[in-house]
Structure formats: C-alpha cells, structure tokens
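Below is one structure, written out as structure tokens; the observations come after it.
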Amino acid sequence: MKRLSLVWSAAMVATVALAATIPLAAAQQPNGGEKNGTPRLADLMEAAQARHIKLWFAGITGNWKLAGYQTRQIKTRLQEAASLYQSLPVDDVTTMAKPIAALTAAIAAEDSKAFVKAYGDLTAGCNSCHQEVKLGFIELRAPAANPFSDQVFGKGKK
Ligand code: HEC
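Quick note, the sequence shown lines up with residues -19 to -1, 1 to 139 if you use mature numbering (1 follows the signal peptide of the UniProt record, and there is no 0).
In structure tokens form, the structure reads like this:
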C-alpha cells in the first residue's frame, strides 16, 4: 500500500511538473501561440491587412516602387496562407492572382487610375473569400487614414 501511494505521488509530481512547463513553453513562443514556427492564419491576414493599407498610400501618392513592394508582400502572405492552410477555398485564392497582376501592371505603367481600379478589385477579392468562409463580417475597404505615420510615403527616395 505504501509503495503504491509512493508511485502515485511520483506520478502526481510528474504531472504537476509537466503542467507547469506547458504555459512556460507557450509563453516562449513568438506571437503567443505559433506552433513549430507556423504563423497563425489570423496573423498572416493581419500582415496582409497592414500591406493592404500601405499599398493604398504608396499608390495614391505615386511611390510606385513602394507600391510594387507592398503588392509583392501581399502576394507572398496570401501564398503562405494558401500553402499552410489548405482548407482555404482554392478558388478564392486563385482569383486573387488577377487583381494582383492588374496591380503589378498599373504600378509598372505608373497609372493612378488603373491602380485605384485594381486596388478595388483586390479588396473585393479579400472580401469575397471572407464571405465564402462565413467571415463576411471581416470586410476590407480602402483606408481613410494612414496609421503608419512613421513611414515615409509619397515620391521619396528611389
Ligand atoms: C482564400 C481566402 C482568403 C483571402 C483571399 C483573404 N482572406 Fe483574410 N481571412 C481569411 C480567413 C479564413 C480568415 C480568418 C483567420 C482566422 O481567424 O484563423 C481571415 C481573416 C482576415 C482578417 C482578420 C484578422 C484580424 O485580426 O482582424 C483580416 C484583417 C484579413 N483577413 C485581411 C485580408 C486581406 C487584406 C485580404 C486581401 C489582400 C484577405 N484577407 C484575403 C481568408 C482569406
């Protein structure tokens, strides 16, 4: 009997010790929950959202190099999201290719009007996937104000 309770209490200690290490390990992970370095989908989306905002201000102020850079960032975030989260609707991923190509072309041509149109199509693409996955309440639009006041937009350095 005594032996059994000893074994039992050893198991208890082990369990308690294990439980104690779990929150510690979780706290050590960046962004409070990435598993094995895999970014969370919501975090990839938030990164895409920041670029969506920056793209707008780069484009409307004619900083075409920055606009091109932000377009590539958005493309990469969406590609990462699609390859890491294969449950995402494939059609809604691939339909993003068209507005991204249109944006790239508008930026290369330094065409403000085409840029605004392609930006609208890109945003519609974001929203259409959100609707598809029953997250229609996550609705994007062109930003009214620039929260990134620490970054220089406009035609600046080349
Ligand atoms: C193929 C589908 C798909 C596309 C395309 C897509 N999203 Fe998402 N988005 C999602 C899903 C799914 C979530 C929910 C993620 C979660 O909570 O795990 C999400 C969530 C979000 C969120 C909520 C994150 C937050 O913290 O508020 C934002 C913002 C967002 N997306 C922005 C965008 C932007 C900007 C684009 C276009 C450039 C875009 N998304 C394109 C599927 C998509």
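Yeah, the Cβ is synthetic: ideal placement off N, Cα and C, and Gly gets one too.
Selected residue, minimal CA-CA separation from residue i, among the options
i    : options                 : result
L121 : Y100, F134 and G135     : Y100
A31  : Q51, V71 and I119       : Q51
G43  : F129, N17 and E91       : E91
L84  : H111, A28 and I55       : I55
R58  : S130, E27, G106 and A95 : E27
Inter-residue Cα distance where the pair is residue i and residue j
i    : j    : result
A64  : K46  : Rather than Ala, the amino acid found at residue 64 in this sequence is Ser. If I take the Cα positions, the gap works out to 27 Å.
G135 : D73  : 32 Å
G40  : K115 : 30 Å
T19  : A89  : 33 Å
A29  : K94  : 23 Å
P128 : L36  : 13 Å
E61  : S130 : 28 Å
P124 : H111 : 18 Å
Sheet register partners of residue i (DSSP bridge)
i   : result
T42 : Bridge partners of T42: none, in fact.
Residue i beta carbon near the ligand GDP (any heavy atom closer than 8 Å)
i   : result
T57 : With respect to the ligand GDP, the structure shown offers nothing to examine, as its ligands consist of the ligand HEC.
Simplified DSSP assignment, three categories, for residue i
i    : result
S68  : coil
A123 : coil
S130 : coil
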